[in-house]
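Q: For the sequence shown, position 127 matches number 127 in the UniProt record's numbering, and the numbering has no gaps at all.
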Amino acid sequence: MSRMYTLWLYFVTAPSDVIQISISILQLGGLVDMSGNYYRDYCDFVQMTGKIFLDFAGIVYRVLCLLMLIATFMSYTFPFTFQKVFHQKRRNFLYLGGVIFCVANVLYNNVQTMVTIHLKPPEDLITVWRRNFLYLGGVIFCVANVLYNNVQTMVTIHLKPPEDLITARVPILTISTFVAFTPYRKALLAMIPARFKALQVTSVVVSTSPSSSASSQQFSTSKRHF
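1. Determine the burial state of VAL151: buried for a count of at least 16 other Cβ atoms within 10 Å of its Cβ, exposed for fewer.
2. How far does the alpha helix (DSSP H) with THR13 in it extend, from its first residue to its last?
3. Can you list, in chain order, the stretches of the beta strand (DSSP E) that have 3 or more residues and sit fully within the region 101-186?
4. For LEU119 and ARG90, what's the separation of their Cα atoms in angstroms?
5. Using beta-carbon positions only, say whether ILE23 and GLY58 come within less than 7 Å of one another.
6. With a CB to CB cut of under 8 Å and the five nearest residues on each side skipped, what residues in its chain are close to THR81?
7. From which residue to which residue does the alpha helix (DSSP H) around LYS74 run?
8. Alpha carbons only, please: which of ILE175, ASN149, SER2 is nearest the one belonging to PRO69?
9. Roughly how many angstroms separate the alpha carbons of GLN112 and LEU136, rounded to a whole number?
10. Ignore the nearest five residues each way along the sequence and tell me which others in SER213's own chain have a CB closer than 8 Å to its CB.
11. Is VAL60 buried or exposed, if buried means 16 or more other CB atoms sit within 10 Å of its CB?
12. Decide if GLY98 is buried, meaning its Cβ has at least 16 other Cβ atoms within 10 Å, or exposed.
13. Reducing DSSP to helix, strand and coil, say where LYS84 ends up.
14. Buried or exposed: LEU173, going by 16 or more other Cβ atoms within 10 Å of its Cβ?
15. Let me confirm a value: LEU67 is counted as buried when at least 16 other C-beta atoms fall within 10 Å, else exposed. Which label applies?
16. Can you tell me the Cβ-Cβ gap for LEU54 and LEU9, rounded? I've got them flagged as a contact below 8 Å.
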C-alpha cells in the first residue's frame, strides 16, 4: 500500500511541479504577472491554471494518505473485511477514486470563485447555488445509505433461510436421529419411567388323543406376562 501510495502521489504531483516551474520561468521573463493577484479585472488563465494544480497537489496527498491509513487500520483490526475492500485488484481503483474526488473538489471551488468575482452574479443566486449543492450532497448520501441497507438486507435474506423452514427442520431431524441411531434411541427410552402393569394371560390348548377309547382330553396351559 505504501509503495502504491508513493507512485500515485508522484504521478499526481509531478505535473503540478512541472507547471509551477514553467509559470515561474514565464514570470521571470516578464510574460506573466508576478504580483500574485489571481483575480483582477481580467482572468489570468495562466496563473489560475497554476493555482488549480497547486491546490490539487496540496489536497491529493492528504486524501491518499487517509486511504492508506484506513487500509492499514483495517488490515490489523478487520483482516477479512480488508481482503474484500482493499483487494489487490481494487487498490488502484480506490486511489483513482480519491484522485477524482480531489479533482472535483478543486475544480468546484476555483470555478465558483471565478464565477463569483468576474461575473458578479446576484447574492441570491450564489446562495441558491450553494444550497443546491448542499442539498444534492445530502440527497446522494441518503440514497446511497438506503441502497446499501437494501443490499445488505437482500444478502441476509438469501443467506438466511426462513424461520418457518428452520422450525420444520428441527423435529424432522430430531426424529430421524433417534430412529437411525440406536444409542440415542436407548438414551431417550431410558428417560421414560417404566410404569406398565403386569398382565397375566392364560392360554388353553385342547388336544384329543385318538388312541384312547374314551374321549379323554389333555389340557396344557401357558402363562405370559406383559
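All C-beta atoms in this analysis are idealised placements derived from N, C-alpha and C, irrespective of residue type, glycine included.
These numbers come from a predicted model, not from an experiment.
A: Judging by the given coordinates:
1. exposed
2. 2-28
3. none
4. 42 Å
5. no
6. MET74
7. A small correction: the amino acid at residue 74 is Met; Lys does not occupy that position in the sequence shown. Here the alpha helix (DSSP H) through MET74 covers 45-77.
8. According to the sequence displayed, residue 69 carries Leu and not Pro. For the residues ILE175, ASN149, SER2, the minimum Cα distance to LEU69 belongs to SER2.
9. 16 Å
10. In this predicted model, SER213 has a pLDDT of only 46, less than 50, meaning its place in the structure is not dependable; the value taken from the coordinates is given anyway. The answer is none, since no qualifying residue turns up.
11. buried
12. buried
13. helix
14. exposed
15. buried
16. Actually they do not touch by this definition, with Cβ atoms about 15 Å apart.
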